[in-house]
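Novice: First residue of the sequence shown? That's 1 in my numbering, and the numbers climb one at a time after it.
Note that CB positions come from ideal geometry on N, CA and C, so glycine has one too.
Below you will find the structure I want to go over with you.
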Amino acid sequence: MQKILYTNNVSEAIESLVKEINPVSVHIITDENVERDVLARLALPYPRIVVKAGDEHKNIASLSQIWAGLIEQGATRHSLVINIGGGVITDMGGFAAATYKRGIKFINVPTTLLSAVDAAVGGKTGINFEGFKNEIGAFAPADAVVISTILFATLPREELLSGYAEMIKHGLLSSEKEYNELLNFHILDANLESLLPLLEKSVKVKERIVEEDPKEHGIRRALNLGHTAGHAFEGLALERDTPMPHGYAVAYGMLVEMILSHTLLQYPSAELYRYASYLKDNGYGAPAIDCKDYDALVEYMRHDKKNLTRDTINFTLLASPGNPLIDRTASESDIRASLDIFRDLMGI
Ligand code: GLY
Numbered sequence: 001m002q003k004i005l006y007t008n009n010v011s012e013a014i015e016s017l018v019k020e021i022n023p024v025s026v027h028i029i030t031d032e033n034v035e036r037d038v039l040a041r042l043a044l045p046y047p048r049i050v051v052k053a054g055d056e057h058k059n060i061a062s063l064s065q066i067w068a069g070l071i072e073q074g075a076t077r078h079s080l081v082i083n084i085g086g087g088v089i090t091d092m093g094g095f096a097a098a099t100y101k102r103g104i105k106f107i108n109v110p111t112t113l114l115s116a117v118d119a120a121v122g123g124k125t126g127i128n129f130e131g132f133k134n135e136i137g138a139f140a141p142a143d144a145v146v147i148s149t150i151l152f153a154t155l156p157r158e159e160l161l162s163g164y165a166e167m168i169k170h171g172l173l174s175s176e177k178e179y180n181e182l183l184n185f186h187i188l189d190a191n192l193e194s195l196l197p198l199l200e201k202s203v204k205v206k207e208r209i210v211e212e213d214p215k216e217h218g219i220r221r222a223l224n225l226g227h228t229a230g231h232a233f234e235g236l237a238l239e240r241d242t243p244m245p246h247g248y249a250v251a252y253g254m255l256v257e258m259i260l261s262h263t264l265l266q267y268p269s270a271e272l273y274r275y276a277s278y279l280k281d282n283g284y285g286a287p288a289i290d291c292k293d294y295d296a297l298v299e300y301m302r303h304d305k306k307n308l309t310r311d312t313i314n315f316t317l318l319a320s321p322g323n324p325l326i327d328r329t330a331s332e333s334d335i336r337a338s339l340d341i342f343r344d345l346m347g348i
């Protein structure tokens, strides 16, 4: 089990982990934005390897820069890497550490809500390659993760909403009680310290699932809730040069998949209205789609890498909040009908 520290005293937590691990040297991997906005406040006395920020730099060139930096800074098999950043940094820094001299220890310090609730925990590492996202990588859990909500103080509201959608996903997978608690919390009005206990509960949901199925042979696929339809919204928005935050796409995707769950598994209809109202009242907006986009959206869903064949579209669905069912398929006509209801509920 990964060691996860929940604290708002980040420097102290890192220093105590370094003492415990006792490496011969420590190397920070980060990006230019995090170096400017976060590292200045942490005052950690270790050399840094700073890559360019953004998913477009989660590539072999940045990875090679990290490996070269580790060599130049004299890292050995007994050194420690500390990845400080969002999902790009924890994924790519984790992969760099997992492959440098056949693997050295690393700690993740996520600086976005999205990476804290998802990428930094669970051992998926890697880079994008030849236009495919996360095409090259390895399962390599961090030796420790330090989660702190005060690091999110400089995040724009879209980043908070984006990460919060993944927390709602964990609530839906876990229990009605946890889901209700999340829908009663309003991330944009809250103070960040009050988010820490909720985030801890949320990360524990992912931990439990990953512990049961670390390499995604079965139940870990439940974490894809909202992602089959979500990736379709995200892909279409990107294709139109109007990219949407990942978590917004997941938030919309979860509504489409709840509607499918209602059609196929009698997921309660009152829950559809409740969730759609939450999205509308809490600043998630709505995707700019109409019925002319259905062909493209279905095509994106068909190409989702979780599908076993081209003729079936695979979803994680819900019998009720807290009761997910993996490997469910839906017909194209059910998907089109669910997009109609989605537009109706979102008022688009
Ligand atoms: N992001 C889903 C997972 O880690 O499996």
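(1) Going by alpha carbons, who is nearest to Asp-304 out of Pro-268, Ser-261, Arg-208 and Ala-229?
(2) Is Val-50 closer than 8 Å to Glu-35 when the C-beta atoms are compared?
(3) In the DSSP assignment, find the beta strand (DSSP E) that holds Thr-30 and state where it starts and stops.
(4) What would DSSP say about Arg-240, mapped onto helix, strand or coil?
(5) How many whole angstroms separate the CB atoms of Ile-259 and Ser-338, which I take to be in contact at a CB cut-off of 8 Å?
(6) Give a yes or no on whether the C-beta atoms belonging to Leu-5 and Ala-144 are separated by under 8 Å.
(7) From the DSSP output, in three-state form, read off Pro-197 for me.
(8) With H, G and I counted as helix, E and B as strand and the rest as coil, what does DSSP make of Ile-289?
(9) Have a look at Gln-2 and Ala-142 and give me their C-alpha separation to the nearest angstrom.
(10) Does the separation of the CB atoms of His-246 and Leu-155 fall below 8 Å?
(11) Could you tell me which uninterrupted alpha helix (DSSP H) segments, each at least 4 residues in length, are contained entirely in the stretch 146 to 227, listed from first to last along the chain?
(12) I believe Val-109 touches Ile-29 by the beta-carbon criterion, under 8 Å. Please report the beta-carbon distance rounded to the nearest angstrom.
(13) Kindly list the residues whose CB is nearer than 6 Å to the CB of Gly-69, restricted to its own chain and excluding five residues on each side of it in sequence; keep chain order.
(14) Going by beta-carbon coordinates alone, are Thr-90 and Glu-159 separated by less than 8 Å?
(15) For the alpha helix (DSSP H) that Ile-399 lies in, which residues bound it at each end?
(16) Compare the C-beta of Thr-99 with all C-beta atoms of chain C and state if any pair is closer than 8 Å.
(17) Ignore the nearest five residues each way along the sequence and tell me which others in Asn-33's own chain have a CB closer than 6 Å to its CB.
(18) What does a CB cutoff of less than 8 Å around Glu-193 pick up in its chain, not counting 5 residues either side in sequence?
(19) What is the DSSP secondary structure of Asp-304, reduced to helix, strand or coil?
(20) To the nearest angstrom, report how far apart Ser-175 and Lys-204 are at their CA atoms.
(21) Please look up how many angstroms separate the CB atoms of Pro-306 and Asn-224, rounded, as I've assumed it's under 8 Å.
(22) How about Asp-118 and Glu-166: are their beta carbons less than 8 Å apart?
(23) For the beta strand (DSSP E) holding Thr-329, just list the boundary residues, first then last.
(24) Go ahead and pull the three-state DSSP assignment for Lys-101.
(25) So does Arg-220 have its beta carbon nearer than 7 Å to some heavy atom of the ligand GLY?
(26) Helix or strand or just coil, what does DSSP make of Glu-135?
Specialist: So, to answer that:
(1) Ala-229
(2) yes
(3) 26 to 31
(4) coil
(5) 4 Å
(6) yes
(7) helix
(8) coil
(9) 7 Å
(10) no
(11) 157 to 174, 176 to 183 and 192 to 212
(12) At roughly 10 Å, the Cβ-Cβ gap does not stay under 8 Å, so Val-109 and Ile-29 are not in contact.
(13) Ile-49
(14) no
(15) Residue 399 lies beyond the range of the chain shown here (1 to 348); nothing can be said about it.
(16) Within the model displayed, chain C is absent; a lone protein chain is all it includes.
(17) Ala-53
(18) Asn-8, Thr-149 and Ile-150
(19) coil
(20) 13 Å
(21) Note that residue 306 is Lys in the sequence shown, not Pro. 6 Å between Cβ atoms; contact.
(22) yes
(23) 323 to 329
(24) helix
(25) yes
(26) strand
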